[in-house]
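The block underneath contains the structure these notes are about, expressed in structure tokens.
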Amino acid sequence: MVKFSEHTMKEVEAIIARYPQGKQKSALIPLLHLAQEEFGGWLSAEAMDHVASILSIESIEVYEVATFYSMFNLQPVGKHVLEVCQTGPCMLRGSDDIIAYIKSKLGIGVGETTADGMFTLKTVECLGACGYAPMMQMGMHYKEHLTPERVDQIIADCYNHK
Amino acid sequence: MARKLLLEKAHVEGIRQFDVYRREGGYAAVEKALKMEPVAIVEEVKKSGLRGRGGAGFATGLKWSFLAKPEGVPRYLVCNADESEPGTFKDRYLMEFIPHLLIEGLIVSSFALGSNRTYIYIRGEYAWIVGILEQAIAEAKQNGFLGKNILGTEFDLEIYVQRGAGAYICGEETALIESLEGKRGNPRIKPPFPAIKGLWDCPTVVNNVETLAAVVPIMNLGAEEYAKIGVGRSTGTKLISACGNINKPGVYEIDMTISVEEFIYSDEYCGGIANGKRLKACIPGGSSVPILPANLLLKTAKGETRYMNYESLSEGGFASGSMMGSGGFIVLDEDQCIVRHTLTLARFYRHESCGQCSPCREGTGWMEKILHKIESGKGVSSDIDLLWDIQSKIEGNTICPLGDAAAWPVAAAIRHFRDEFEWHVNHPSLCLTQNYGLAHYADELSVVA
Ligand SMILES: Cc1cc2nc3c(=O)[nH]c(=O)nc-3n(C[C@H](O)[C@H](O)[C@H](O)COP(=O)(O)O)c2cc1C
Ligand code: SF4
Ligand code: FES
């Protein structure tokens, strides 16, 4: 059974308290972020049902939301998800080359995960870092001003820290 | 040097901390505002001429005065920090470097509007900024600027940060409200407007980060002083996020009297085109506004200097002008392909359409497909007309302005760079390895519609 830890449940209660009585559904997106973090980087049906029961809403209300927002993964992903921006301003600064470089370095296509489960490569739309392009998001952080050398370093760091 | 009102203190050492911000004069606007009547603050904002910095440029004071005030019903202020318009990264900069300025602006604005519970809706990807804002909120609370009986008055306020989860459409104010209620970000049909029926059906004002931060200098200087900065109906200062092929991408606070030419070429701002290349085109106000070729960017169709303000950027309408929009300034050098760039934007809007209205849902998909076909050398001449036709059928036929926002970049690209599209169609293999360059600048620009 998937279930939030006691520690996370404290956070859940604090989040629900931000809204007026009876408006606890507003906590749905924050709770899905917590669930994705706590349950291995993606949202299984069990995880979503757990969130539904905490908020006293129907499971379908959770699925509806989880499928709408691009940050929620509905399938398992690698330990590190590389989300490279490909929109106009990043394209002007060479994001196509960075995507091609990562593909060949990791030997995977967009949407795929390396055999060792370390990396998933995704392309995403503008992340609000256009002036620091090309860039990608990795978990909670942005990696900006990417070059092949910087990509090598980032990937090596992931292996070194395991 | 242009006068800075928002970012003046952004690089003072430690300015993210309450004590440093306070020592630099921070929170004086709250002290002043709480001694005033809320309606008097709304009047000040009206007099200042402040226009919404989120993209539409609607008069902020006027918008505030529309807020309904039924007895016994809570009112809400929501800060729009969803910032997802390609080319735009100014709100991020403000929140990251000088978070207390936003919190201060939110306290004054919440007091003016009578909101006791104010939310900052921030795009989900700006995860690390949530921590910065929450820290600033906690410090403001410890120091009596938030919580119960602020500065010994009757005014209570809590500010909460809500993270989105990746959806451009949630920047549209009614979609944002839906999302904040824990639903899909589907825009609502207006009316009713949020000022009457917004968050949890209560009267609500949604304003951009920069708009709410600008309330602080308006309080400190007084509306009249603030309105003297800038020109005409473009009062105060504006944050511009500059990106693309320039020497110095970044966020700049401008006073709206400088010319576009100065903004691009002076060392104080963009520092010229990168790698010694020439300017080809620019989208001056975020991806949704019309792209302009260099000649129409620097001078209007009448041959007058174009300035970095609301009126001048839109001079000539869509035939030969553009818009200030969100201040996302995207510069393209001579080697960039307009078709490819437009394709990435079309893909963006297709990806971000919420899918409620068929002209937007289907039209954005078609535009992406046709642009992809032309870009990969498989287009035929009639595709350009088809593209034009599709964009014209989206505009004005949808629930929210995302449809228009998707149509305009395509329309403007064809309007000003039709010969480049035709060149792709006529050179199916050459266009895969070469760019059209600046060749067409020899001719006067023909206006399609
Ligand atoms: C598709 C779409 C996306 C938008 N995205 C944003 C955004 O990211 N940030 C923002 O402040 N306003 C955005 N807006 C504008 C908001 O709907 C609203 O006009 C704005 O938040 C009002 O604040 P202001 O008057 O202070 O500019 C968007 C509008 C549309 C139609
Ligand atoms: S115009 Fe597009 S984004 Fe806006 S409501 Fe319609 S389908 Fe959704
Ligand atoms: S286009 Fe990549 S961050 Fe904006």
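So the protein lines, in turn, are chains X and F.
Every number in our numbering is 836 more than the matching position in the first sequence, counting from 1.
Every number in our numbering is 41 more than the matching position in the second sequence, counting from 1.
C-beta atoms are modelled at their ideal positions from N, C-alpha and C, and glycine is treated no differently.
Under 8 Å from the C-beta of residue i: neighbouring residues of chain F
| i | result |
| --- | --- |
| X:A969 | C284, P290 |
| X:E900 | K224, R225 |
| X:H869 | G165, R204, A206 |
| X:M976 | A168, W169 |
Residues that residue i contacts on chain F, provided the C-beta gap is smaller than 7 Å
| i | result |
| --- | --- |
| X:R854 | Y201 |
| X:I896 | Near X:I896 there are no residues of chain F at all, since even the closest Cβ is about 12 Å away, more than 7 Å. |
| X:Q973 | E166 |
| X:S862 | L221, E222, G223 |
Interface residues of chain X facing residue i [CB-CB closer than 7 Å]
| i | result |
| --- | --- |
| F:Q377 | L928 |
| F:P127 | T923, G924, P925, C962, C966 |
| F:S328 | G924 |
| F:H392 | E961 |
| F:F130 | G964, A965, C966, G967 |
| F:R133 | G964 |
| F:F389 | T923, E961, C962 |
Closest Cα partner of residue i within the set the options
| i | options | result |
| --- | --- | --- |
| X:M845 | X:M884, X:W878, X:S880, X:I890 | X:I890 |
| F:K238 | F:A452, F:G223, F:V256, F:T215 | F:T215 |
| F:L174 | F:G207, F:E137, F:T194, F:T159 | F:E137 |
| F:N261 | F:V246, F:G277, F:V250, F:G273 | F:G277 |
| X:A888 | F:K224, F:K50, F:Q203 | F:K224 |
| F:E166 | X:Y978, X:P970, X:K958, X:I893 | X:Y978 |
| F:I314 | F:P325, F:N336, F:P290, F:T298 | F:P290 |
| F:L198 | F:G207, F:P79, F:K182 | F:K182 |
| F:N249 | F:C378, F:N286, F:G444, F:K131 | F:K131 |
| F:K264 | F:S329, F:R64, F:R381, F:K88 | A small correction: the amino acid at residue 264 of chain F is Ala; Lys does not occupy that position in the sequence shown. If we check each option's Cα against that of F:A264, F:K88 comes out closest. |
| F:G404 | F:N438, F:G368, F:C378, F:D376 | F:N438 |
| F:G478 | F:E461, F:K343, F:H468 | F:E461 |
| F:W449 | F:L135, F:A360, F:Y160 | F:A360 |
| F:Q397 | F:I379, F:V171, F:L443, F:E49 | F:L443 |
| F:A254 | F:R456, F:R402, F:S470, F:K45 | F:K45 |
| F:I210 | F:N227, F:P334, F:K231, F:E195 | F:N227 |
| X:D933 | X:E900, X:A969, X:Q989 | X:A969 |
| F:N121 | F:E54, F:V202, F:D296 | F:V202 |
| F:S157 | X:V848, X:K839, X:R854 | The residue asked about is misnamed: residue 157 of chain F is Asn in this sequence, not Ser. If we check each option's Cα against that of F:N157, X:R854 comes out closest. |
| F:K76 | F:E409, F:V247, F:G193 | F:G193 |
| F:D123 | F:H141, F:S220, F:L473, F:E345 | F:S220 |
| F:L427 | F:E409, F:S417, F:G418 | F:E409 |
| F:K279 | F:Y68, F:G55, F:G98 | F:G98 |
| F:Q432 | F:Y267, F:E356, F:P400 | F:P400 |
| F:G185 | F:A208, F:Y68, F:E345 | F:Y68 |
Chain X contact residues for residue i, given Cβ-Cβ distances below 9 Å
| i | result |
| --- | --- |
| F:S307 | None at all; the shortest Cβ gap to chain X is about 17 Å. |
Within chain X, partners of residue i - CB distance below 8 Å
| i | result |
| --- | --- |
| F:E78 | Going along chain X, no residue has its Cβ under 8 Å from F:E78, so there is no contact; the nearest lies around 27 Å. |
| F:S220 | I865 |
| F:I371 | G924, P925, L928, C966 |
| F:W464 | Chain X residues near F:W464: none, gap ~20 Å exceeds 8 Å. |
| F:H382 | G924, M927, L928 |
| F:T474 | By Cβ distance, chain X contributes nothing, its closest Cβ being about 14 Å from F:T474, past 8 Å. |
Residue i and residue j closer than 8 Å at C-beta
| i | j | result |
| --- | --- | --- |
| F:F152 | F:A100 | no |
| F:Y348 | F:S300 | yes |
| F:G420 | F:V372 | no |
| F:G327 | F:L354 | no |
| X:M837 | X:V920 | no |
| F:R381 | F:C243 | no |
| X:L864 | X:L918 | no |
| F:L108 | F:L154 | yes |
| F:T385 | X:T959 | no |
| F:G212 | F:S150 | no |
| X:C966 | F:S367 | no |
| X:M954 | X:H916 | yes |
| F:R459 | F:E375 | no |
| X:E842 | F:E393 | no |
| F:T245 | F:P232 | no |
| F:I139 | F:A51 | yes |
| F:E145 | F:V53 | no |
| X:H869 | F:R204 | yes |
| F:T517 | X:G964 | Any property of residue 517 of chain F remains undetermined from this structure, which presents chain F solely from 42 to 490. |
| F:G317 | F:T341 | no |
Residues bridged to residue i [DSSP beta-bridge criterion]
| i | result |
| --- | --- |
| F:S300 | F:Y348 |
| X:T959 | X:V920 |
| F:G188 | F:L198 |
| F:G369 | F:S282 |
| X:M927 | DSSP, once it has assigned bridges, lists no residue as partnering X:M927. |
Contacts of residue i in chain F (Cβ-Cβ under 9 Å)
| i | result |
| --- | --- |
| X:Y905 | G165, G205, A206, G207, A208, C211, S220, R225, G226 |
task = Give every residue whose Cβ lies closer than 6 Å to any heavy atom of ligand 2, listed in chain order.
result = F:I210, F:P228, F:S394, F:C395, F:G396, F:Q397, F:C398, F:C401, F:R402, F:T439, F:I440, F:C441, F:L443, F:G444
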